[in-house]
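Have a look at the structure below before the remarks.
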Amino acid sequence: MVLLVVGIGAVAPHAMAEDLRDRQRDVRDKVRSAQGDLHESSKALASAARRLERARTALASAQAKLTKAQEQVAEAVRLDTLMQERLEAAEHKLALARVALEAARKRVVVQRAAIGELAASNYANGDPKLMGLAVMLNSTDPEEVTSQMNTIDSLMSKQTTLLTDLKEARAQMVTQEAKVEKAKKAVAVQRQDARANLVRRQGFERSAAEAKADVAKLVVQGRAAEAQATSARRADQAQLNALKKQEDNIRAMILERARKQRAAARAGGGGGGSVFNGDSGTFLQRPVPGGVTSPFGYRRHPIYGYWGLHDGTDFSAPCGIANRAAGSGTVISKYWSDVYGNRLYLDLGQVNGKNMTVIYNHLSGYSANTGEQVSRGEVIGYGGTTGWSTACHLHFTVLLNGSPVDPMNYL
Numbered sequence: 357m358v359l360l361v362v363g364i365g366a367v368a369p370h371a372m373a374e375d376l377r378d379r380q381r382d383v384r385d386k387v388r389s390a391q392g393d394l395h396e397s398s399k400a401l402a403s404a405a406r407r408l409e410r411a412r413t414a415l416a417s418a419q420a421k422l423t424k425a426q427e428q429v430a431e432a433v434r435l436d437t438l439m440q441e442r443l444e445a446a447e448h449k450l451a452l453a454r455v456a457l458e459a460a461r462k463r464v465v466v467q468r469a470a471i472g473e474l475a476a477s478n479y480a481n482g483d484p485k486l487m488g489l490a491v492m493l494n495s496t497d498p499e500e501v502t503s504q505m506n507t508i509d510s511l512m513s514k515q516t517t518l519l520t521d522l523k524e525a526r527a528q529m530v531t532q533e534a535k536v537e538k539a540k541k542a543v544a545v546q547r548q549d550a551r552a553n554l555v556r557r558q559g560f561e562r563s564a565a566e567a568k569a570d571v572a573k574l575v576v577q578g579r580a581a582e583a584q585a586t587s588a589r590r591a592d593q594a595q596l597n598a599l600k601k602q603e604d605n606i607r608a609m610i611l612e613r614a615r616k617q618r619a620a621a622r623a624g625g626g627g628g629g630s631v632f633n634g635d636s637g638t639f640l641q642r643p644v645p646g647g648v649t650s651p652f653g654y655r656r657h658p659i660y661g662y663w664g665l666h667d668g669t670d671f672s673a674p675c676g677i678a679n680r681a682a683g684s685g686t687v688i689s690k691y692w693s694d695v696y697g698n699r700l701y702l703d704l705g706q707v708n709g710k711n712m713t714v715i716y717n718h719l720s721g722y723s724a725n726t727g728e729q730v731s732r733g734e735v736i737g738y739g740g741t742t743g744w745s746t747a748c749h750l751h752f753t754v755l756l757n758g759s760p761v762d763p764m765n766y767l
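Numbering (this note's numbering), first residue to last: 357 to 767.
Structure, rendered in structure tokens:
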């Protein structure tokens, strides 16, 4: 078990490394394929499409910014209303506290006046305590003593009550003064918060106005970019229509050559050219040594958006690199196409009873002429980036009786 664990530990990193390399190759192939897809439109349309995409992205960003700014303004308005309500409540509490304080102050004034009158009376008539003592010492009538003592007690009770009320009034005044100060501070805080929120709100409103102006400007730019892309697409379509006419003529010529080749094979008693069953190894020579950047097959066009056939295999091919004949045959056509640039058609004869023709696209130049017989591996042209191309590469097409098939089935 120890040996097994050690063995697993040794194999796992290697397996992980292999998996990582596989993922890297997959990502690299996807990137190459995406780059290859970009060759399927003119430079004008590709540029217009990029400009339109940038305009749409910028517009989406500006609209998001505007939405956020509007939300911030709405929140600031809501907060402004809330702060105004809080300020009004704080000011109302302050007003009530000031009314209560004024009442407390008046009560203190009244109590002080009453105490003053009592003090003046005591000064004029004598201290009630001393008066009581004098009555008890000087009077001989018990009833008079009782009556006088009751009067003195009443005076002393009133004096005590007045003093107590004065203390309470003073305490209430101090309490109300504290409440007034607290309410004043609360009002000041609410006013400061309201001012700060007003500044924020004004900033948000400016941002919203700027974002709105940006959106309006970008809408105009987007429309201009869309018009430019539409115009470029119409131009591309015109070039595609011209290309189709050229290819229809070439296809008719290929079908006629195929008919003659079959007739010649029958007349000569031959088997109709080469035979390829897919198991005998490479049938065609690779036209350039570079790797595949975009495979043959159906896909969605990166700019037009339609589902269509990429009718060949794109190979990495630096400008000027030799493009070699995939097999021995006859150059049947070479011409300029706005879409494929310099093109060369090489007829390889009959394969399994069908004519096989290969096409070299985007060449920078030719080294073989129409009607010339070339041998397998012979240089017939040079890598380029003519026509609808964003980088030097070879778009290599294989036709059977004029219809495209996957070149990689023969390479």
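Every residue gets a Cβ at the ideal spot worked out from N, C-alpha and C, and that includes glycine.
Proximity of residue i and residue j at Cβ, strictly below 7 Å
i	j	result
VAL631	ASN708	yes
SER723	ILE715	no
GLY733	ARG680	yes
ASN698	LEU719	yes
ALA542	ALA460	no
LYS535	ALA453	yes
PHE752	PRO651	no
MET529	VAL465	no
GLU533	LEU457	yes
LEU435	ASN553	yes
VAL455	PHE560	no
ALA432	ARG557	yes
ALA525	GLN467	yes
GLN426	ALA564	yes
MET439	ALA550	yes
Straight-line Cα distance separating residue j from residue i
i	j	result
LEU750	THR742	10 Å
GLN391	ALA402	In this prediction, GLN391 has a pLDDT of 40, which is less than 50 and means its spatial position is unreliable; nothing more can be read from the coordinates.
ASN717	LEU700	7 Å
SER731	GLY683	6 Å
ARG622	ARG615	11 Å
ALA411	VAL571	10 Å
PRO763	GLY668	7 Å
VAL648	PHE671	4 Å
CYS675	ASN757	30 Å
ILE677	TYR738	5 Å
ALA537	HIS448	The question names Ala, yet the displayed sequence has Glu at residue 537. Their Cα atoms are separated by approximately 14 Å.
THR437	ARG407	44 Å
TRP663	TYR654	7 Å
CYS748	ALA673	6 Å
PRO645	GLY721	18 Å
ASN765	LYS690	25 Å
THR516	THR531	23 Å
ARG442	VAL555	18 Å
GLU728	ASN633	29 Å
Reduced DSSP secondary structure (H/G/I, E/B, other) of residue i
i	result
SER759	strand
ASP521	helix
ARG557	helix
SER513	helix
GLY727	coil
THR753	strand
LEU767	coil
Run of the beta strand (DSSP E) containing residue i, from where it starts to where it stops
i	result
THR686	685-693
ASN708	Careful: ASN708 lies outside any beta strand (DSSP E) and carries neither H nor E.
ALA678	678-680
SER672	669-672
THR649	648-650
ARG655	653-656
LEU665	663-666
VAL735	735-738
Nearest to residue i (by Cα), restricted to the options the options
i	options	result
ASN711	THR669, GLN617, THR726 and PRO674	GLN617
GLN595	ALA620, ASP694, GLN706 and MET529	ASP694
GLN706	TRP692, ASN725 and THR686	THR686
ALA400	THR517, SER745, ASP436 and ARG607	SER745
ALA404	ALA430, THR437 and ALA580	ALA580
ALA567	THR726, ASN725, LEU767 and ALA416	ALA416
MET609	ASP703, ASP549, THR516 and THR531	ASP703
TRP692	GLN641, GLU603 and GLY646	GLU603
ASN605	GLU441, ILE688 and ASP521	ILE688
Closer than 7 Å to chain C by CB, residue i
i	result
ILE677	Looking for chain C here will not work: only one protein chain is present.
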